[in-house]
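To convert, note that position 49 of the sequence shown is 49 in my numbering; the numbers rise steadily by one, no gaps. Glycine residues also receive a C-beta, built at the ideal position from the N, C-alpha and C atoms. One structure is given below, encoded as structure tokens.
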Amino acid sequence: MIVTLREPISEAENQTQLQLDKLASALLMLRTRNAVVAAGLVAFASAGLAFPFYMASRSSKMNPVIDSSKPLPPQATFRGPYINTGSRDVGPDHQTYPKK
């Protein structure tokens, strides 16, 4: 059996040791908190990136969003003044359409 004798620790050394223990505890807590925040951000980003793929695969199994047997509603046929103005394959639409 080995017995080591320690000298009594002074009050200043004791306070220094307590401060070092508190600092180490705080650093460990900060690292843990940072890891939790990083994991949350990674989970949020991956959910955001996966959402369009999920919706595309889900909507392809369901009925189409626009029923092609019916005419388009007026909101869908509205053509803004700047839409397709730079088109080179067909060109701008010069025809005027009457309002319904």
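- Distance between beta carbons of Lys100 and Pro71, contact taken as under 8 Å: That belief does not hold up - the Cβ atoms of Pro71 and Lys100 are roughly 11 Å apart, past 8 Å.
- Work out the CA separation of Leu23 and Leu42 for me, nearest whole Å. In the sequence on display, residue 42 carries Val and not Leu. About 28 Å.
- Query: Which value, in whole angstroms, describes the spacing of the CA atoms of Gln19 and Ala38?
  - Reply: 28 Å
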